[in-house]
Amino acid sequence: MPVLFLIPLVYLAALADVWLSTHWEIRGIVPDLLALVVFAWLAVARGRYAFVVTAFVGLVGDLNSSAPLGIGMAAFALVGYSIIFFRRHLHLDGSISQLVVISLGTMTACGLQGIGLRLAGSIEIPFTAIVEHAALVGLYTSGIAIPVLMLVRWVTPQRKPTPLVAPTP
Numbered sequence: 001m002p003v004l005f006l007i008p009l010v011y012l013a014a015l016a017d018v019w020l021s022t023h024w025e026i027r028g029i030v031p032d033l034l035a036l037v038v039f040a041w042l043a044v045a046r047g048r049y050a051f052v053v054t055a056f057v058g059l060v061g062d063l064n065s066s067a068p069l070g071i072g073m074a075a076f077a078l079v080g081y082s083i084i085f086f087r088r089h090l091h092l093d094g095s096i097s098q099l100v101v102i103s104l105g106t107m108t109a110c111g112l113q114g115i116g117l118r119l120a121g122s123i124e125i126p127f128t129a130i131v132e133h134a135a136l137v138g139l140y141t142s143g144i145a146i147p148v149l150m151l152v153r154w155v156t157p158q159r160k161p162t163p164l165v166a167p168t169p
């Protein structure tokens with residue numbers, strides 16, 4: 001998926017994060033639509049430097065919130081780099097693996113942001129509550145990602161799967 005296609009999706013996700021957060025809130029937990037968009041894109045991205053795009057989306061998240069600038073950008077960059085590292089060693093082309101990437105990426109990015117805000121003194125929440133909140137945000141976001149991934153799979157043409165073992169003549 002080209003980066004130019006990602007720009008309007010990030011813009012729409014940022015708008016939806018602001019406008020729909022009060023409607024989607026369940027006991028203080030809202031899905032992170034920016035993380036959904038960028039980690040879904042990162043799950044299919046092929047470039048070595050795709051984590052730079054995730055860092056810029058983290059910057060958009062920072063600009064969209066009242067938190068100190070740079071914490072979201074750093075969290076998204078670290079998680080994006082980790083996903084690219086694991087992508088080199090693991091097969092992440094299936095729908096389930098992409099859902100796992102979105103879920104774990106969102107959980108980790110949210111957790112890193114919470115820990116960064118706690119260490120910066122912006123929030124006074126115990127670390128256990130930060131981990132619990134990050135896990136719930138990741139699960140909620142991955143629940144929203146299921147229909148999105150189904151729609152993407154339905155719209156995009158499927159590649160012919162490569163066999164694990166080459167047939168012998």
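Numbering follows this note's numbering, with no gaps: position 8 of the sequence shown is 8.
Just so you know, even glycine gets a beta-carbon here, dropped at the ideal spot from N, CA and C.
Nearest to residue i (by Cα), restricted to the options the options
i      : options                     : result
LEU59  : ALA74, ARG46, ALA50, ARG48  : ALA74
SER82  : GLY61, SER95, ALA43         : ALA43
PHE39  : HIS91, THR128, ILE84, TYR11 : ILE84
LEU149 : SER103, LEU136, SER65       : SER103
TRP41  : ILE7, PRO126, ALA67         : ILE7
THR141 : SER95, ILE29, GLY94         : ILE29
Length of the line joining the Cα atoms of residue i and residue j
i      : j      : result
GLU124 : ARG118 : 6 Å
TRP154 : ILE146 : 12 Å
LEU34  : GLN98  : 16 Å
SER195 : PRO31  : Residue 195 lies beyond the residue range present for the chain, which begins at 1 and ends at 169; the question has no answer from this structure.
LEU69  : GLY105 : 20 Å
PHE76  : GLY61  : 10 Å
ILE144 : GLY121 : 31 Å
GLU25  : LEU139 : 13 Å
ARG87  : ALA55  : 17 Å
GLY116 : ALA13  : 23 Å
ARG27  : HIS89  : 38 Å
Coarse secondary structure for residue i, derived from DSSP in three states
i      : result
ILE29  : strand
ARG48  : coil
HIS133 : helix
ILE125 : coil
ALA67  : coil
PRO147 : helix
LEU6   : helix
LEU139 : helix
LEU92  : coil
Residue i: first and last residue of the uninterrupted alpha helix (DSSP H) it sits in
i      : result
LEU119 : 95-120
HIS89  : 71-89
Residues near residue i by beta carbon distance below 7 Å, same chain, minus five either side
i      : result
ALA134 : MET107, CYS110, GLY111, GLY114
VAL131 : GLY111
LEU78  : LEU112
ALA16  : LEU33
VAL3   : VAL53
PHE51  : ALA77, GLY80, TYR81, ILE84
Close-in-space but distant-in-sequence residues of the same chain around residue i (CB under 8 Å, 5 per side omitted)
i      : result
HIS91  : SER97
ARG48  : ILE84
VAL10  : LEU34, VAL37, VAL38, VAL57, VAL60
ALA67  : GLN113, LEU117, SER122
PHE127 : ILE115, ARG118
Minimum Cβ-Cβ distance from residue i to chain C less than 9 Å
i     : result
HIS89 : No chain C is part of this structure, which consists of one protein chain only.
Neighbourhood of residue i by C-beta distance below 6 Å, restricted to the same chain and skipping five residues each side
i     : result
ALA45 : none
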